[in-house]
Amino acid sequence: MELFGALITLLGSIILLIAAIGLVRMPDVYNRLQVGTKASTMGTLLSLLGIAIIHPTWAGKLIILILFVLFTNPVSSHVLARASHYINIRISKRTVVDKLKVTDRAFKVGEVKK
Amino acid sequence: MKNYITIFVILFFVWFLLNNTLQVEVLIVGLIVSALVTTLVGVMLCVKCNVFSDLKYTPKAILNTFIFLAVFFIELVKSNIDVARRVLAPTRPINPGIVEVKTKLKSKFARMLLANSITLTPGTLTIETRGDSFFIHWIDVKDINVEKASNELIRKFEKYLEEIYD
């Protein structure tokens, strides 16, 4: 049982490692957010699940931690991506289409009036 | 009323998970505390809160909640493998772009859940919502047409959320 839990925790840390490699390899801030924050969801989830299998008495608290990560992680990455788009951080040259720029009027909100 | 019942159930569930025991005394204390906190929240803090009021409690909706969770976790695993492959492949096979999709959901809470599920699935990231439109950063753009992108990205979650809310 302990071996099984340890293997799942190992799998989670491998996913976290892949996320870290992705942070370096991706071309712009949006793709980095994609890889970094999202792979970390699965990585954290698997690591905590492995600990829950090793110590079943902690399972309840670990489930609460997993739920907390699941609810807060998307909010933070959404807000970061939105803020970077609104302050016009350069988007990668490999980008195929950017529909938000075409239809966007809210860019003007942030401009400083002189 | 539905709001208070949902808050009570969530509080009691958290109490149960934190204590991680089935002793009757602990559960009774939990019931009393949850009821007390629910009443206090209802009377003092937010009289007009209606976050959960468009939830449905029919058997069909509860069944759909479980199907939604199952579909969501399967998608999570599938797209994690996909993104890991994109990161590790030597040529970096990405094809990113921001596409627009239209949702049919009316309830605010259901929309929040939909946007969060999209963001949690690796490969797609909700950047902005405006009216019925979601603007999604997609790591591998297959189609820039609004209709087809909606079918590809959000229909799989939307059809279950439609049954649970609205």
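Protein chains in written order, with my numbering: chain A, 229 to 342; chain B, 1043 to 1208.
Glycine is no exception: its CB is placed at the ideal position from the N, C-alpha and C atoms.
Alpha-carbon to alpha-carbon, residue j and residue i
{"i": "F1055 (chain B)", "j": "V303 (chain A)", "result": "23 Å"}
{"i": "N1122 (chain B)", "j": "Q262 (chain A)", "result": "11 Å"}
{"i": "L1195 (chain B)", "j": "E1204 (chain B)", "result": "15 Å"}
{"i": "N1106 (chain B)", "j": "Y1207 (chain B)", "result": "10 Å"}
{"i": "K1120 (chain B)", "j": "L1155 (chain B)", "result": "20 Å"}
{"i": "L1118 (chain B)", "j": "L1167 (chain B)", "result": "13 Å"}
{"i": "I1178 (chain B)", "j": "H306 (chain A)", "result": "10 Å"}
{"i": "A1191 (chain B)", "j": "R322 (chain A)", "result": "19 Å"}
{"i": "L1059 (chain B)", "j": "I1074 (chain B)", "result": "16 Å"}
{"i": "V340 (chain A)", "j": "K289 (chain A)", "result": "Confidence is the limiting factor: at V340 (chain A) the pLDDT is only 43, short of 50, which leaves the residue's position unreliable, though a coordinate-based value still follows. Roughly 47 Å between the two C-alpha positions."}
{"i": "M229 (chain A)", "j": "I279 (chain A)", "result": "11 Å"}
{"i": "A1126 (chain B)", "j": "S275 (chain A)", "result": "17 Å"}
{"i": "F296 (chain A)", "j": "V324 (chain A)", "result": "34 Å"}
{"i": "F1108 (chain B)", "j": "R1197 (chain B)", "result": "17 Å"}
{"i": "K342 (chain A)", "j": "T265 (chain A)", "result": "Any reading at K342 (chain A) needs caution, since the residue's pLDDT is 37, under 50, leaving its predicted position unreliable; the model's value is listed next. The alpha-carbon atoms of K342 (chain A) and T265 (chain A) are separated by roughly 38 Å."}
{"i": "V1141 (chain B)", "j": "G1173 (chain B)", "result": "15 Å"}
{"i": "N1187 (chain B)", "j": "V1143 (chain B)", "result": "9 Å"}
{"i": "L277 (chain A)", "j": "L298 (chain A)", "result": "13 Å"}
{"i": "L1064 (chain B)", "j": "A234 (chain A)", "result": "27 Å"}
{"i": "L1082 (chain B)", "j": "L231 (chain A)", "result": "46 Å"}
{"i": "I291 (chain A)", "j": "N1062 (chain B)", "result": "11 Å"}
{"i": "Y1202 (chain B)", "j": "L308 (chain A)", "result": "28 Å"}
{"i": "A1131 (chain B)", "j": "I294 (chain A)", "result": "30 Å"}
{"i": "F1110 (chain B)", "j": "T300 (chain A)", "result": "19 Å"}
{"i": "V330 (chain A)", "j": "L1087 (chain B)", "result": "In this prediction, V330 (chain A) scores a pLDDT of 49, lower than 50, which makes its location untrustworthy; the coordinate-derived value is nonetheless stated afterwards. In a straight line, the C-alpha of V330 (chain A) is about 42 Å away from that of L1087 (chain B)."}
Contacts of residue i in chain A (Cβ-Cβ under 7 Å)
{"i": "I1140 (chain B)", "result": "V325, D326, K327 and L328"}
{"i": "P1164 (chain B)", "result": "Q262, K266 and A267"}
{"i": "K1183 (chain B)", "result": "Sequence check: residue 1183 (chain B) is Val here, not Lys. Those within 7 Å of V1183 (chain B) in chain A are V324 and V325."}
Whole-Å CB distance - residue i paired with residue j, under 8 Å assumed
{"i": "I1047 (chain B)", "j": "N259 (chain A)", "result": "About 43 Å; that fails the 8 Å criterion."}
{"i": "V252 (chain A)", "j": "I317 (chain A)", "result": "Not quite, the Cβ-Cβ distance comes to about 18 Å (not below 8 Å), so this is no contact."}
Partner residues on chain A for residue i, Cβ-Cβ distance less than 9 Å
{"i": "L1064 (chain B)", "result": "Within 9 Å Cβ-Cβ: nothing; L1064 (chain B) doesn't reach chain A, min ~11 Å."}
Outcome for residue i when other beta-carbon atoms lying within 10 angstroms are tallied against a minimum of 16
{"i": "H313 (chain A)", "result": "buried"}
{"i": "T1163 (chain B)", "result": "buried"}
{"i": "P284 (chain A)", "result": "exposed"}
{"i": "K1044 (chain B)", "result": "exposed"}
{"i": "F1176 (chain B)", "result": "buried"}
{"i": "E1189 (chain B)", "result": "exposed"}
{"i": "I242 (chain A)", "result": "exposed"}
Given residue i as reference, the closest of the options once Cα atoms are compared
{"i": "L244 (chain A)", "options": "A:T272, A:P255 and A:I281", "result": "A:T272"}
{"i": "F1115 (chain B)", "options": "B:V1183, B:S1192 and B:S1159", "result": "B:S1159"}
{"i": "I281 (chain A)", "options": "A:V325, A:L238 and A:I317", "result": "A:L238"}
Within chain B, partners of residue i - CB distance below 8 Å
{"i": "I243 (chain A)", "result": "N1122 and A1126"}
{"i": "M229 (chain A)", "result": "Those within 8 Å of M229 (chain A) in chain B number zero; the least Cβ separation is about 18 Å."}
{"i": "L298 (chain A)", "result": "L1162"}
{"i": "R310 (chain A)", "result": "I1169 and E1170"}
{"i": "T285 (chain A)", "result": "N1062"}
Closer than 9 Å at the beta carbon, the chain B residues around residue i
{"i": "I317 (chain A)", "result": "Those within 9 Å of I317 (chain A) in chain B number zero; the least Cβ separation is about 12 Å."}
Within chain A, partners of residue i - CB distance below 8 Å
{"i": "V1113 (chain B)", "result": "Result: empty, since nearest Cβ-Cβ is about 15 Å, beyond 8 Å."}
Proximity test, residue i beta-carbon vs the ligand ADP heavy atom, cut-off 7 Å
{"i": "R1128 (chain B)", "result": "Among the ligands in the structure shown, none appear at all, so the ligand ADP cannot be discussed."}
Contacts that residue i makes with chain E (C-beta to C-beta distance below 7 Å)
{"i": "I1186 (chain B)", "result": "Of the protein chains in the structure, A and B, none is chain E."}
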